[in-house]
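Visitor: The structure under discussion is supplied below as structure tokens; questions concerning it will follow.
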Amino acid sequence: MPSKLKKIAVEKRSRVVLALDYYPHGRDPLDFWSSLLSDVGDLVAGVKVGLPALLSVGTEGLRELVESFSGDVYFIADFKLADIEDIVRSVAQSVLGMGFDGVIVHLFPLCYSRLSAREGGRSLDFYGVASMSCPSTLMDAHLDELLDYAVKLGLAGVVVGANKPGAIRRARERLGSQALILSPGVGAQGVEPGAAVAAGADFEIVGRAVAASPSPRAALERIMKSHPPPGW
Ligand code: 3DU
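With the first letter of the sequence shown counted as 1, position 136 gets the number 132 in our numbering; the numbers rise by one all the way through.
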């Protein structure tokens, strides 16, 4: 279990991981996300950045963002990793070097025997995508296999779409309390805040419903009200 994430979540009473993909047209993305985190950083346990952020601000921009806020936010890199083990491990090592605390990898390649990245006393937490929020059932037909694989790899957690409460419940049954469940799809994709946590997720990943809101703080406060306080 990732102790930094749990500690921050309990301290801030937050089950929210903020996804930084959106920025307003015409704004400098790094400046926008830095201001957003200065405004709402005390309300979010984690921050997830993906390819949109990497491609718009580059590795140096991300490094700067992570360095500025990693004192009290848990940073997860979501670079849609689905490759052979050597490549995934090499990217994970770079991600750790950039200051991230965790990385999301796709499980469906079933290519990995062991996932780890360490550097100077720090280690990276790995999360595996077990079910996506899109309607496709291809991955869901193999849900148990993917969940068992996550357990075998000793992952810190799994990602399961917030719109799939049955898959979240199944993940909780299969993983017990050994691994975290992170659920995207809340807000802009139509799932009500609190629904994934009610089904057994530990965190809800929320992007546009906060980042594109005229009042990100108020949006976050509304989402947080729908969650029971975290406690493991
Ligand atoms: O829809 P939002 O703006 O709240 O953003 C959701 C984030 O979660 C976004 O970064 C997307 O890449 C990620 N995600 C899903 O939405 C659904 C998945 O199955 C996996 C990741």
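Ideal placement from N, C-alpha and C gives every residue a C-beta, glycine not left out.
Cutting at 7 angstroms between CB atoms, please list the residues of its own chain near Asp68, excluding the five before and the five after it.
Guide: Ile4, Gly37
Visitor: Where Ala163 and Ser10 are concerned, what is the direct C-alpha to C-alpha distance, given to the nearest angstrom?
Guide: 23 angstroms
Visitor: Please list, in chain order, all residues of the same chain as Leu143 whose beta carbon is under 6 angstroms from its beta carbon, the five residues on each side excluded.
Guide: Ala126, Ala167, Arg170
Visitor: Which complete beta strand (DSSP E) runs does the segment 61 to 113 hold, if anything under 3 residues is left out?
Guide: 70 to 77, 98 to 102
Visitor: What is the rounded straight-line gap between the Cα of Leu253 and the Cα of Leu50?
Guide: Because the chain here runs from -3 to 228, residue 253 falls outside it and cannot be looked at.
Visitor: Look at the alpha carbon of Gly153 and the alpha carbon of Phe199, and state the distance between them as a whole number of angstroms.
Guide: 11 angstroms
Visitor: Helix, strand or coil: how does DSSP classify Val53 here?
Guide: Here Val53 sits in helix by DSSP.
Visitor: Thinking just about the alpha-carbon of each residue, which of Trp228, Pro180, Val202 is nearest to the one in Gly172?
Guide: Trp228
Visitor: So the beta strand (DSSP E) Ser179 belongs to, where does it begin and stop?
Guide: 176 to 180
Visitor: Below 7 angstroms CB to CB, which residues in the same chain sit around Lys8 once its five sequence neighbours on both sides are set aside?
Guide: So the qualifying residues of the chain are Asp38, Leu39, Ala41.
Visitor: If you drop the 5 nearest sequence neighbours on each side, which residues of the same chain put their C-beta closer than 6 angstroms to that of Asp74?
Guide: Cβ neighbours of Asp74 beyond the five flanking positions: Lys44, Gly46, Ile100.
Visitor: In terms of alpha-carbon separation, which member of Pro226, Val193, Ala146 lies closest to Lys160?
Guide: Val193
Visitor: Would DSSP call Ala184 helix, strand or coil?
Guide: In the three-state DSSP reduction, Ala184 falls in the coil class, being neither helix nor strand.
Visitor: What number of angstroms, rounded off, separates the C-alpha of Leu26 from the C-alpha of Met94?
Guide: Roughly 16 angstroms separates the two Cα atoms.
Visitor: Give the straight-line distance between the Cα atoms of Glu63 and Ser222, rounded to the nearest whole angstrom.
Guide: In this structure, the straight-line span from the alpha carbon of Glu63 to that of Ser222 is close to 30 angstroms.
Visitor: Can you round the beta-carbon distance between Gly98 and Ile72 to whole angstroms, since I take them to be within the 8 angstroms contact cut?
Guide: 4 angstroms
Visitor: Express the C-alpha separation of Leu111 and Phe122 in angstroms, rounding to a whole number.
Guide: For Phe122 and Leu111, the gap between their C-alpha atoms comes out near 7 angstroms.
Visitor: Verify the contact flag: Ile219, CB atom, against every heavy atom of ligand 1, threshold strictly below 7 angstroms.
Guide: no
Visitor: So, is Leu139 buried or exposed, given that buried needs 16 or more other C-beta atoms within 10 angstroms?
Guide: Under this definition Leu139 is a buried residue.
Visitor: Can you name the start and end residues of the alpha helix (DSSP H) that Gly42 belongs to?
Guide: Taken as a continuous stretch (DSSP letters only), Gly42 belongs to no alpha helix (DSSP H), being part of the beta strand (DSSP E) at 42 to 46.
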